[in-house]
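Asks:
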Amino acid sequence: MKPAAFDYIRARSLDEATALLRAEGGDARILAGGQSLMAMINMRLVRPTLLIDVMQVPDAATPRLEGGALVVPLGTRQAAVLARPTLAAEVPLLAQALPWVGHVQTRARGTVCGSVAHADPSAEIPLVLAALGGAVHIRGRKRRIVPVAEFLTGMMQTALTDGELIEAVSFPCHTGGQAFAEYGRRHGDFALVAVAAVVSGPAVRLAVGGVNDTPALRDWPALDEAQIDDALNDLAWSLEARTDLHATARLRRDLVRRLGRHVIERARACA
Amino acid sequence: MRLTAAQRHKVSITLNGQTVTAEAEPRLLLSDFLRQTLAARGTHVGCEHGVCGACTVLIDGAPARSCLTLAVQADGCRVDTVEGLAPATGRLSALQAAFQRHHALQCGFCTPGILMSMDHLLAHDPTPDEARIREVLSGHLCRCTGYHPIIAAVTEAAARIQAETNHA
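Sequence order for the protein chains is A and B.
Numbered according to numbering that gives the first Met the number 0, the first sequence spans residues 0 to 270.
Numbered according to numbering that gives the first Met the number 0, the second sequence spans residues 0 to 167.
1) Measuring straight from C-alpha to C-alpha, what distance separates residue 153/A and residue 113/B?
2) Okay, do the stretch 109-126 of chain B and the stretch 68-78 of chain B touch, 3+ Cβ pairs below 8 Å being the bar?
3) I want to verify the contact list: residues of chain B whose CB lies under 8 Å from the CB of residue 187/A, in sequence order.
4) Between residue 109/A and residue 225/A, what straight-line distance do the alpha-carbon atoms span, to the nearest angstrom?
5) Roughly how many whole angstroms lie between the Cα atoms of residue 167/B and residue 160/B?
6) Please return the same chain residues whose Cβ sits closer than 6 Å to the Cβ of residue 59/A, not counting the five positions on each side in sequence.
7) Considering only the alpha carbon of each residue, which of 176/A, 126/A, 267/A lies closest to residue 194/A?
8) Using the rule of at least 16 other Cβ atoms within 10 Å of the residue's Cβ for burial, across every protein chain shown, is residue 85/A buried or exposed?
9) Between which two residues does the alpha helix (DSSP H) carrying residue 236/A extend?
10) If you run the structure through DSSP and keep just helix, strand and coil, what is residue 163/A?
11) Determine the direct distance from the alpha carbon of residue 24/B to that of residue 280/A, and round the result to whole angstroms.
12) Is there a Cβ from chain A that is less than 9 Å from the Cβ of residue 66/B?
13) What residue range does the beta strand (DSSP E) around residue 79/B cover?
14) Quick one: complete beta strand (DSSP E) runs, 3+ long, within the stretch 143-204 of chain A?
15) Could you give the residue range of the beta strand (DSSP E) that holds residue 43/A?
16) For residue 22/B, does the three-state DSSP call read helix, strand or coil?
17) So what's residue 13/B in DSSP terms, helix, strand or just coil?
18) So with Cβ pairs under 9 Å, would you call residue 7/B a contact of chain A?
19) Any C-beta of chain A sitting closer than 9 Å to the C-beta of residue 154/B?
20) Please name the residue in 120/B, 29/B, 82/B whose C-alpha comes closest to that of residue 76/B.
21) Note the first and the last residue of the continuous beta strand (DSSP E) segment covering residue 65/A.
22) Using the beta-carbon count (16 or more within 10 Å), is residue 271/A buried or exposed?
23) In this structure, how does DSSP classify residue 142/B when only helix, strand and coil are distinguished?
24) Less than 9 Å between CB atoms is the rule here; does residue 72/B satisfy it with respect to chain A?
25) State the DSSP-derived secondary structure class of residue 64/B, mapped to helix, strand or coil.
26) Evaluate the contact criterion for the stretch 115-124 of chain A versus the stretch 149-160 of chain B: three or more CB pairs, one atom per stretch, below 8 Å.
27) Identify the continuous beta strand (DSSP E) that holds residue 117/A and give its terminal residues.
28) In chain A, which residues lie less than 9 Å from residue 47/B when you measure between Cβ atoms?
29) Could you name the residues of chain B that residue 5/A contacts, counting a contact when the two beta carbons are closer than 9 Å?
30) In angstroms, rounded to a whole number, what distance separates the CA positions of residue 258/A and residue 208/A?
31) Check each candidate in 223/A, 247/A, 134/A and name the one with the smallest Cα separation from residue 150/A.
32) Roughly how many angstroms lie between the CA atoms of residue 222/A and residue 33/A, to the nearest whole one?
33) Would you report the Cα separation of residue 18/A and residue 162/A, rounded to the nearest angstrom?
34) Please state whether the Cβ-Cβ distance between residue 45/B and residue 98/B is less than 9 Å.
35) In the DSSP assignment, what are the bridge partners of residue 262/A?
36) Is residue 259/A a contact residue of the ligand COA, with contact defined as CB to any heavy atom under 8 Å?
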């Protein structure tokens with residue numbers, strides 16, 4: 000349970016970090032808050048030759064409003080975003096979901112971008128980003144902005160290529176109602192099922208995490224009381240719910256139906 | 000500057016108010032740096048992948064898993080551990096004394112981490128309700144107490160600290 004050997008460097012700029020990534024080939028990893036990566040390194044599931052610490056990069060810890068979105072750069076810790084006084088007005092879904100991310104003790108170190116880079120199927124932050132139609136700002140030799148639905152390519156797999164890092168993620172500030180809920184065995188555990196609803200007029204979007212390898216999205220142009228149960232039942236059966244040590248596929252489908260209804264009703268109430 | 004894997008590099012931290020400097024390979028965890036290099040063995044090491052919370056310390060004033068932090072990452076940081084809680088040798092802090100009174104520890108393995116989280120909680124939220132205490136406690140595993148005595152101890156410590164503050 001001790002890490003294998005690696006070199007370590009504190010990058011002073013993102014240009015330096017990306018140059019190091021390129022020079023090292025595929026064996027370097029970006030180290031931000033370390034709340035996912037360090038656990039994998041301790042268990043030697045990941046054995047990088049170089050860790051590039053980006054937490055000292057100037058301006059990386061300050062989120063900003065830009066183009067109708069909250070842009071969160073790579074050095075921003077989850078606790079700092081949660082403590083932002085205006086968060087509930089800017090991105091209510093993120094304000095609701097962040098308290099479910101790990102624990103106080105991990106949010107103090109873990110970063111928002113790091114959670115997206117880790118791409119755990121149960122993770123709340125990628126789910127919120129997907130529900131809102133957010134984007135991932137990637138930097139390598141060039142910069143590109145990728146919609147999160149294209150960025151998350153599989154279980155803990157992303158569209159990042161060698162030499163690239165996540166510079167920031169952007170959460171669109173919508174005006175409609177938003178609600179988040181999840182169920183896990185204990186607070187802070189990985190969610191068995193997490194759901195996020197975004198409503199805008201009659202339209203409803205539901206994002207489901209913890210079931211498929213990546214957040215599952217479903218949009219309904221309208222959803223009245225007579226349709227909602229059937230719609231959620233269809234959604235639940237369309238997912239790839241699996242039985243594992245933690246829950247049966249049946250429980251997961253049931254959670255999609257129940258939590259789904261719950262968040263849609265809550266999102267409508269605050270729309 | 001690139002710190003190479005095979006060599007040890009100078010790391011300075013302010014440990015419980017005192018600046019200490021020692022050497023660490025890049026792969027050395029802060030938990031092991033504290034215990035093995037600096038001989039500050041109050042911090043315990045449990046799961047070593049960030050789940051159990053036994054190794055929780057304060058880094059620059061915020062609770063953190065020292066097993067998920069490298070010693071070289073902590074270079075230049077303030078680190079506070081359980082050794083720094085007691086006001087003087089032979090005396091306990093209000094929180095520590097409440098743990099003793101309420102039997103909030105049995106084997107004591109998880110206790111240093113829990114004390115650091117709760118000390119931080121009371122410093123920032125002097126009147127936490129039970130839900131808040133439980134939320135912070137959810138970041139720790141205790142296999143002996145069933146958690147209730149811990150909640151009772153923190154609740155009482157909060158009240159005592161409040162009373163003392165008001166009195167002063």
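A virtual CB, placed ideally from N, CA and C, is assigned to each residue, including glycine.
Replies: Answer, in terms of the structure:
1) Within the first sequence, numbered from 1, the residue matching residue 153/A stands at position 154. Within the second sequence, numbered from 1, the residue matching residue 113/B stands at position 114. Going by the C-alpha atoms only, they are around 36 Å apart.
2) no
3) Looking up residue 187/A in the first sequence gives position 188. Residues of chain B passing the Cβ test: 137, 138.
4) Residue mapping note: residue 109/A aligns to position 110 of the first sequence, counting from 1. Residue mapping note: residue 225/A aligns to position 226 of the first sequence, counting from 1. Rounded to the nearest angstrom, the two C-alpha atoms are 42 Å apart.
5) Mapped onto the second sequence, residue 167/B falls at position 168. Mapped onto the second sequence, residue 160/B falls at position 161. Their backbone Cα atoms lie some 10 Å apart in a straight line.
6) Here residue 59/A refers to the residue found at position 60 when the first sequence is read from its first residue. These residues qualify, in order along the chain: 72, 73, 74.
7) One-based indexing of the first sequence puts residue 194/A at position 195. Among 176/A, 126/A, 267/A, the Cα nearest to that of residue 194/A is on 126/A.
8) For the purposes of this step, residue 85/A is taken as the residue at position 86 of the first sequence. The residue in question, residue 85/A, is exposed, as its Cβ has fewer than 16 Cβ neighbours within 10 Å.
9) Here residue 236/A corresponds to residue number 237 of the first sequence, with the count starting at 1. Here the alpha helix (DSSP H) through residue 236/A covers 224-237.
10) If you number the first sequence from 1, residue 163/A lands on position 164. It is coil, neither helix nor strand.
11) Past the edges of chain A, shown from 0 to 270, lies residue 280/A, and the structure says nothing about it.
12) By one-based count along the second sequence, residue 66/B stands at place 67. Residue 66/B counts as touching chain A.
13) In the second sequence, the residue the question calls residue 79/B occupies position 80. Per DSSP, residue 79/B belongs to the beta strand (DSSP E) from 77-79.
14) 151-153, 164-171, 176-182, 192-199
15) Position 44 of the first sequence holds residue 43/A. Taken as a continuous stretch (DSSP letters only), residue 43/A belongs to no beta strand (DSSP E), as it is neither H nor E.
16) Here the question's residue 22/B lines up with position 23 in the second sequence. Residue 22/B: strand per DSSP, three-state reduction.
17) Position 14 of the second sequence, counting from 1, holds the residue named residue 13/B. Correct three-state label for residue 13/B: strand.
18) For the purposes of this step, residue 7/B is identified with residue 8 of the second sequence, where counting begins at 1. Taking Cβ atoms only, chain A never reaches closer than 9 Å to residue 7/B, which makes this a no.
19) If you number the second sequence from 1, residue 154/B lands on position 155. No, its Cβ sits nowhere closer than 9 Å to a Cβ of chain A.
20) Translated into the one-based positions of the second sequence, residue 76/B becomes position 77. Ranking 120/B, 29/B, 82/B by Cα distance to residue 76/B puts 29/B first.
21) Numbered from its first residue, the first sequence carries residue 65/A at position 66. Where residue 65/A is concerned, the enclosing beta strand (DSSP E) stretches over 63-65.
22) Only positions 0 to 270 of chain A appear in this structure, which leaves residue 271/A out of reach.
23) For the purposes of this step, residue 142/B is taken as residue 143 along the second sequence, with counting starting at 1. Three-state result, residue 142/B: coil.
24) One-based indexing of the second sequence puts residue 72/B at position 73. Output row for residue 72/B: interface = yes.
25) The residue labelled residue 64/B in the question sits at position 65 within the second sequence. Strand, per DSSP.
26) no
27) Mapped onto the first sequence, residue 117/A falls at position 118. Not the beta strand (DSSP E): residue 117/A falls in the alpha helix (DSSP H), residues 111-117.
28) As a working note, residue 47/B is residue 48 in the second sequence. 0, 1, 38, 41, 42, listed in chain order.
29) By 1-based counting over the first sequence, the position of residue 5/A is 6. Chain B residues near residue 5/A: 4, 25, 26.
30) Residue 258/A sits at position 259 when you count from the first residue of the first sequence. Residue 208/A sits at position 209 when you count from the first residue of the first sequence. The alpha-carbon atoms of residue 258/A and residue 208/A are separated by roughly 11 Å.
31) The residue you call residue 150/A lines up with position 151 of the first sequence. Residue 134/A is the option with its Cα nearest to residue 150/A.
32) The residue labelled residue 222/A in the question sits at position 223 within the first sequence. The residue labelled residue 33/A in the question sits at position 34 within the first sequence. Using only the alpha carbons, I get a separation of about 41 Å.
33) Working through the first sequence from its first residue, we reach residue 18/A at position 19. Working through the first sequence from its first residue, we reach residue 162/A at position 163. Cα to Cα, residue 18/A sits roughly 7 Å from residue 162/A.
34) The residue given as residue 45/B occupies position 46 in the second sequence. The residue given as residue 98/B occupies position 99 in the second sequence. Going by C-beta atoms, residue 45/B is not nearer than 9 Å to residue 98/B.
35) Along the first sequence, read from residue 1 onward, the residue named residue 262/A stands at position 263. In the DSSP output, where bridge partners are listed per residue, residue 262/A has none listed.
36) The ligand COA is not part of the structure shown, which contains no ligands of any sort.
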